[in-house]
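Asker: Quick one: structure below, then a few questions.
Numbering (the working numbering), first residue to last: 191 to 321.
Okay, structure coming up:
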């Protein structure tokens with residue numbers, strides 16, 4: 191009987207923990223599409239750069255959809271605060287199609303997008319606010 195009670199308690203805790211973790215609400219904010227059909231000798235022409243405002247203590251989720259059309263490239267995303275990279279979806283050999291960013295101060299952040307290994311590419315990046 192004790193084992194059954196412990197099992198039921200653990201089951202209830204597990205189910206509640208799953209409900210809490212999935213109850214986060216994602217609010218769509220913006221999407222960015224970047225397409226690079228040919229590689230330029232000027233490196234700046236191979237990048238997409240934009241500035242957005244993010245709010246302190248907010249959690250943001252970035253999702254990346256690569257290979258739109260027949261392009262081989264994977265989009266590298268860097269979030270910059272001034273000249274400092276505060277988040278990215280590519281670290282060493284690891285590549286993430288979804289990543290979260292916890293904003294520590296309200297302000298303007300630069301988003302820099304380019305394709306890995308100087309390949310052509312077409313990608314869609316979506317930004318969500320997680321609540």
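Note that beta-carbon positions come from the ideal geometry of N, C-alpha and C, so glycine has one too.
Cα separation between residue 220 and residue 273?
Answerer: The alpha-carbon atoms of residue 220 and residue 273 are separated by roughly 23 angstroms.
Asker: Buried or exposed: residue 254, going by 16 or more other Cβ atoms within 10 Å of its Cβ?
Answerer: Counting Cβ neighbours within 10 Å, residue 254 comes out buried, since at least 16 surround it.
Asker: Count the other C-beta atoms from every protein chain shown that fall within 10 angstroms of the C-beta of residue 282, then say buried if there are 16 or more, exposed otherwise.
Answerer: The residue is exposed, with fewer than 16 neighbouring Cβ atoms inside 10 Å.
Asker: Do residue 291 and residue 250 have their C-beta atoms closer together than 8 angstroms?
Answerer: The answer is yes: Cβ separation under 8 angstroms.
Asker: Who are the Cβ neighbours of residue 303 in its own chain at under 6 angstroms, not counting the five residues just before and after it?
Answerer: Only 224, 238, 265, 267 meet the Cβ criterion.
Asker: For the candidate residues 259, 226, 297, whose alpha-carbon lies nearest to that of residue 269?
Answerer: Closest option to residue 269, Cα to Cα, is 297.
Asker: If you drop the 5 nearest sequence neighbours on each side, which residues of the same chain put their C-beta closer than 7 angstroms to that of residue 300?
Answerer: Excluding positions up to five away in sequence, the list reads 239, 241, 270.
Asker: With distances taken from CA atoms, which of 308, 313, 199, 280 is nearest residue 232?
Answerer: Taking only the C-alpha atoms, the option nearest residue 232 is 308.
Asker: Among all the DSSP beta bridges, which residues are the ones paired with residue 274?
Answerer: In DSSP, residue 274 forms a bridge with 271.
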